[in-house]
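Chemist: Per the working numbering, residue 8 is the first one in the sequence shown, and the count goes up by one each step. Glycine residues also receive a C-beta, built at the ideal position from the N, C-alpha and C atoms. Only a predicted model underlies this, so the values are computations on that prediction, with no experimental measurement involved.
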Amino acid sequence: MTSRHKQLLRCFAHLPQQILSLHQIDNATEFVLHSLCHEGGFNLSKAAYFIDNPDFDCLKGVAGFNKDEEVHTCDDILANEDYFTRHMDSCQFNKRVRRITAPSVKKIDDSIEKAVSRLAALLEIEDPSYYTLTIKHNNFGLVIYEQKTAEDHKMQEELLTGLALLGFCPIN
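1. Using CA coordinates, which residue listed in Tyr56, Thr36, Glu37 and Ile32 is at the minimum distance from Tyr137?
2. For Glu88, which of helix, strand or coil comes out of DSSP?
3. Give the single residue among Ile142, Pro135, Leu140 and Asp96 whose Cα lies nearest to the Cα of Glu153.
4. By the three-class DSSP mapping on this structure, what secondary structure does Glu153 have?
5. Compare the C-alpha of Ala70 against each of Leu22, Glu37, His144 and Arg106 and name the closest.
6. Identify which residue in Val150, Asp62, Leu40 and Ala20 has its Cα closest to the Cα of Phe91.
7. Where do the ends of the alpha helix (DSSP H) carrying Val39 lie?
8. Are the beta-carbon atoms belonging to Pro61 and Lys114 less than 8 angstroms from one another?
9. Which of the three DSSP states, helix, strand or coil, is assigned to Val104?
10. What do you reckon, are the CB atoms on Arg105 and Gly68 nearer than 8 angstroms?
11. With the cut-off set at 8 angstroms, would you say Asp64 and Leu149 are in Cβ contact?
12. Are Thr139 and Ile119 close, meaning C-beta to C-beta below 8 angstroms?
13. Can you grab the Cα-Cα spacing for the pair Arg93 / Ser52, in whole Å?
14. For the candidate residues Phe147, Ala128, Asn50 and Leu43, whose alpha-carbon lies nearest to that of Ala20?
15. Measure the CB-CB distance between Val112 and Ala128 and report whether it falls below 8 angstroms.
16. By DSSP, does Lys74 sit in helix, in strand, or in coil?
17. Of all the CB atoms in chain C, is at least one closer than 8 angstroms to the CB of Ile32?
Structure (structure tokens):
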């Protein structure tokens, strides 16, 4: 096992406990997204998480991560939840993601690729990749992300496994 794989394993091992410990916090999804995206996780440049609710015809931005705005490590954010919350409230990229509200991609049966392209352009995400997941209450999660470096195929699979953990976070 490479040191990179060990690093990812440490990141994944703490996430379920982190999700459970943050269940009463309004921005638990921001904590988890940050943990997945930072250097100890998947080392992404940018990531935006959306919930698509076809029943209410709404696609809503939930959380955003921009490496250029980050100054914390995973351990720092868990040690000081209030400071991290204030930090995320001041991050311009996170604000831009959270302001996005659009018609449901699933309800209008729009192509996911077109929706990703449109949202990525709004958020200035270059060469976007995306991941979709089915979450509770017939909602769908959409993560659009920009990688700093090209990862091998195995790392890509692990990234997708990690992003699925966002589906366990409470939606506020």
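Modeler: Result, derived from the coordinates:
1. Tyr56
2. helix
3. Pro135
4. strand
5. Glu37
6. Leu40
7. Ala35 to Cys44
8. yes
9. helix
10. yes
11. no
12. yes
13. 21 angstroms
14. Closest by alpha carbon: Leu43.
15. no
16. helix
17. As a matter of chain content, chain C is missing from the structure shown, which is built from one protein chain.
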